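A quick write-up on the structure given underneath.
Residue numbers (UniProt numbering): 1 to 343.
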């Protein structure tokens, strides 16, 4: 107990050393009074310090004084998690049946739908098989009835190879424009000579007569020269071509035209065979109704062939020069129409 004990007190983080019995400063006393409110507390501290071993030297850490006014009370509300867990489990329990039943209902609905679909498909297949077998028997007799009233001339049914047509002619000249050719035709008409303009390769040639031979064409040319016309004899050939969208009657006219035209050029050299050939072809042409021929150029060709054939047969009986002129006029028009069709 002879040793002096030293007590270290920390106030506001600062060390203050003081021995027992050593007077302190007023400042330390005041602080001690603030830190330790009563003498009882101070004596309790000294007693506790005296009971400690001499070797122990420790620091006392005292809290800062706290104003009681600044203390605030906070209420801590406990959150009970058990009810939520109960609600969640209850919700899960409630969801299980709600998810199972719709699935079961959906599976049942799909099974019914698939079964119904397959059933309908099988029924339709069974019903269609006998009907398909019966249909050919029903339609086969109807088809000819629908085709029977059809007019063959209304629709194009054939594609024919139009043959070339040739003749010996008396030519009056070639002009580069249609107007110049028309002026030349009018000049020949003033001399009492009939002529026809035919377009070939962009030019307009004027022809006065047709003949079956070159010698006969030259003979006709001499007669025209005597009337003041400048002409010459030559062979003319209009090449053939392929024509599509031609009706049955139109095809018959086009196929018969070259042979009939060749017989019609034998005006002054016709024999009995030529006359019979013209009569036979004219009869065939007369049997073809104009209402069944839709091509305007073929209609004009048919009319000129009929006119030339009629005049030809009349001239062979009467030797009337007017009928001979009619044959020449019709033959020249046949050449003109043939050139238009062959373009």
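For glycine and all other residues, C-beta sits at the position ideal for the given N, C-alpha and C.
None of these values were measured; they are calculated from a predicted model.
Does residue 179 come out as helix, strand or coil in the three-state DSSP assignment?
Looking up residue 179 in the chain shown gives position 179. Of the three classes helix, strand and coil, the one that applies to residue 179 here is helix, per DSSP.
Where does residue 104 sit, in a helix, a strand or coil, going by DSSP?
Numbered from 1 along the chain shown, position 104 holds the residue referred to as residue 104. It is helical.
Fully enclosed by the stretch 292 to 342, which alpha helix (DSSP H) runs are 4 residues long or longer?
Those alpha helix (DSSP H) runs which fall completely within the stretch 292 to 342 and span 4+ residues are 296 to 318 and 321 to 342.
How is residue 209 classed by DSSP in three states: helix, strand or coil?
Translated into positions along the chain shown, residue 209 becomes position 209. In the structure shown, residue 209 sits in a strand (DSSP, three-state: E or B).
Opening and closing residue of the alpha helix (DSSP H) in which residue 274 lies
Sequence index remark: in the chain shown, residue 274 carries index 274 (1-based). Start and end: 272 to 287.
Go ahead and label residue 265 buried or exposed: buried means 16 or more other beta carbons lie within 10 angstroms of its beta carbon, across all protein chains shown.
Reading the chain shown from its first residue, position 265 is the one you call residue 265. Buried.
Can you tell me whether DSSP reads residue 262 as helix, strand or coil?
For this step, residue 262 is matched to residue 262 along the chain shown. DSSP places residue 262 in helix when its eight states are reduced to three.
Measure the alpha-carbon distance for residue 319 versus residue 309 and round it to whole angstroms.
Taking the chain shown and counting its residues from 1, the one referred to as residue 319 is at position 319. Taking the chain shown and counting its residues from 1, the one referred to as residue 309 is at position 309. Taking the Cα positions, residue 319 is about 14 angstroms away from residue 309.
Between residue 174 and residue 203, how many whole angstroms is the CB-CB distance? I'm expecting something under 8 angstroms.
Mapped onto the chain shown, residue 174 falls at position 174. Mapped onto the chain shown, residue 203 falls at position 203. Rounded, the Cβ-Cβ distance is 5 angstroms, consistent with contact.
Assuming residue 171 and residue 205 form a contact by the criterion Cβ under 8 angstroms, report the distance between their Cβ atoms to the nearest whole angstrom.
Taking the chain shown and counting its residues from 1, one reaches residue 171 at position 171. Taking the chain shown and counting its residues from 1, one reaches residue 205 at position 205. So it is a contact: roughly 6 angstroms between Cβ atoms.
Candidates 166, 269 and 261: closest to residue 237 by CA position
As a position in the chain shown, residue 237 is number 237, starting the count at 1. Out of 166, 269 and 261, the CA that lies nearest to the CA of residue 237 is found in 166.
On the three-state DSSP scale, how would you describe residue 172?
As a working note, residue 172 is residue 172 in the chain shown. DSSP places residue 172 in strand when its eight states are reduced to three.
Collapsed DSSP secondary structure at residue 243 in the structure displayed
In the chain shown, the residue the question calls residue 243 occupies position 243. Strand.
In three-state DSSP terms, what is residue 122?
Against the chain shown, residue 122 aligns to sequence position 122. Looking at residue 122 - three-state DSSP - the assignment turns out to be helix.
Check for me: the alpha helix (DSSP H) holding residue 222 runs from which residue to which?
Mapped onto the chain shown, residue 222 falls at position 222. Run containing residue 222: 214 to 226, per the alpha helix (DSSP H) assignment.
Span of the beta strand (DSSP E) holding residue 233?
Position 233 of the chain shown, counted from the start, is the residue given in the question as residue 233. Its beta strand (DSSP E) spans residues 232 to 238.
Relative to the alpha-carbon of residue 248, which residue among 305, 286, 235 and 160 has its alpha-carbon at the smallest distance?
Start at 1 with the first residue of the chain shown, and residue 248 comes out as number 248. For residue 248, the nearest C-alpha among the options comes from 160.
Is DSSP giving residue 187 helix, strand or coil here?
Within the chain shown, the letter at position 187 stands for residue 187. If DSSP states are grouped into helix, strand and coil, residue 187 belongs with the helices.
What are the boundary residues of the beta strand (DSSP E) that includes residue 198?
The count along the chain shown starts at 1 and reaches residue 198 at position 198. Segment 196 to 200, the beta strand (DSSP E) holding residue 198.
Is residue 257 helix, strand or coil by DSSP?
Residue mapping note: residue 257 aligns to position 257 of the chain shown, counting from 1. Helix at residue 257.
Could you give the first and the last residue of the continuous beta strand (DSSP E) run that contains residue 383?
Residue 383 lies beyond the stretch modelled for the chain, which goes from 1 to 343, so this question has no answer here.
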